[in-house]
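In UniProt numbering, the protein residues as written are 1 to 365. Backbone N, C-alpha and C define an ideal beta-carbon position, used for all residues, glycine too.
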């Protein structure tokens with residue numbers, strides 16, 4: 001299927017951070033057409049202001065070329081989730097120096113620091129992460145997709161890359177930042193240090209892209225695809241395993257050939273209600289304490305329990321589920337209850353007996 005002239009199977013990420021139409025990243029034009037002129041106008045305005053600033057500071061009158069576009073493809077199960085991919089070089093010496101230089105260490109007129117490069121690199125990483133996730137997980141809800149993206153671009157992840165590649169050892173920062181070596185100190189110090197190390201990585205991404213307008217974006221996007229695959233390796237495998245399971249239904253029939261939809265297509269809550277729900281029977285979902293922190297993302301981790309009042313029981317806990325959202329946790333709790341075949345079978349039998357009595361007498365008890 002083709003939308004806006006771009007195939008869904010591939011996703012074009014243009015190097016123009018301000019002047020680009022964001023819609024082309026996803027192959028859909030109409031959603032963003034109205035903001036494109038404003039973005040173009042903002043780009044011209046910022047370019048004009050930047051030019052004035054260079055004149056005031058007596059900086060070299062040299063502009064950066066816009067990197068060429070690149071095609072991004074989704075992750076697959078064959079991607080290498082273990083090896084640390086080679087670091088793409090920064091071909092422009094001035095950018096290479098700027099990436100590792102704090103503004104407080106700038107001594108010469110026209111010398112750059114890492115700060116503006118970090119700003120650009122942050123935007124590139126945000127767009128690349130969005131594109132990879134959008135293509136790899138086509139049925140993922142937007143909320144969960146945002147959680148995946150946060151896993152990829154948060155400071156904890158990026159600062160780790162900075163240390164893994166030894167980029168922190170090349171920095172020219174004031175001594176109080178203490179960027180050389182591994183993270184240490186109290187939690188507040190670690191948080192601040194992690195933020196700066198993440199910024200250095202973002203600056204490096206921008207330097208590698210802008211320093212090579214012809215191939216920089218392609219090299220960096222391929223590098224980040226391999227690097228990020230480790231962070232979502234479990235999710236990627238689950239996605240492709242789920243796709244394989246959807247190829248054929250449990251009875252071996254191809255999709256669409258069965259006269260009855262497979263049970264797995266039902267929402268677990270709906271499935272549970274259909275199985276044991278009846279007049280006077282209450283199925284309720286409750287939060288189980290305060291949410292904890294999910295180890296991988298640091299986001300709230302909710303636990304929900306499903307309880308039954310009816311069929312001779314009161315406040316019976318039938319199952320529990322945990323997830324990054326209450327809705328998903330509730331669905332998992334319902335599925336856990338339904339997976340208890342012995343328990344469900346007993347309640348289903350009572351429901352059948354009630355329905356038979358109603359049919360025989362015409363009286364609802």
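Residue 212 is not a Cβ neighbour of residue 324, given a cutoff of 8 angstroms.
When C-alpha distances from residue 80 are compared across 141, 236, 199, the shortest belongs to 236. Between residue 208 and residue 77, the beta carbon gap of about 28 angstroms keeps them out of contact (Cβ cut-off 8 angstroms). Annotated three-state conformation of residue 307 is strand, per DSSP.
Around the C-beta of residue 280, fewer than 16 other C-beta atoms lie within 10 Å, and the residue is accordingly described as exposed. Secondary structure of residue 343 (DSSP, three-state): helix. Excluding its 5 nearest sequence neighbours in each direction, residue 329 has C-beta neighbours in its own chain below 8 angstroms: 302, 303, 304, 321, 322, 323, listed in chain order. In the structure shown, residue 281 adopts coil according to DSSP, grouped into three states.
Looking at the backbone, the Cα of residue 342 and that of residue 309 are separated by about 18 angstroms. By the beta-carbon neighbour count (other beta carbons within 10 angstroms, threshold 16), residue 269 is buried. Per DSSP, reduced to three states, the secondary structure at residue 70 is strand. In the structure shown, residue 110 falls within a coil segment according to DSSP collapsed to helix, strand and coil. Straight-line measurement puts the Cα of residue 194 at about 22 angstroms from the Cα of residue 127. For residue 313, DSSP records a beta bridge to 310. A direct Cα-to-Cα measurement between residue 210 and residue 198 gives close to 19 angstroms.
Annotation: residue 350 to residue 311 spans about 7 angstroms, alpha carbon to alpha carbon. With fewer than 16 other Cβ atoms inside 10 Å of its own Cβ, residue 355 counts as exposed. Segment contact: the segment 103-111 against the segment 222-241, fewer than three CB-CB distances shorter than 8 angstroms; contact not assigned. Beyond the five residues adjoining it in sequence on each side, residue 122 comes within less than 7 angstroms, by CB distance, of 202 in the same chain, given in chain order. Residue 169 is positioned such that its CB atom lies closer than 8 angstroms to that of residue 180. Of 114, 98, 158, the smallest CA-CA separation from residue 125 is found for 158. In this structure, residue 232 keeps its C-beta atom at 8 angstroms or more from the C-beta atom of residue 134. By a beta-carbon distance limit of 8 angstroms, residue 275 contacts residue 344. Their separation comes to about 6 angstroms.
A Cβ-Cβ separation of about 14 angstroms leaves residue 87 out of contact with residue 206 under the 8 angstroms criterion. Residue burial annotation: residue 241 is exposed, with fewer than 16 other C-beta atoms found within 10 angstroms of its C-beta. By the C-beta density criterion, residue 360 is exposed, having fewer than 16 other C-beta atoms within 10 angstroms. According to DSSP, residue 82 shares a beta bridge with no other residue.
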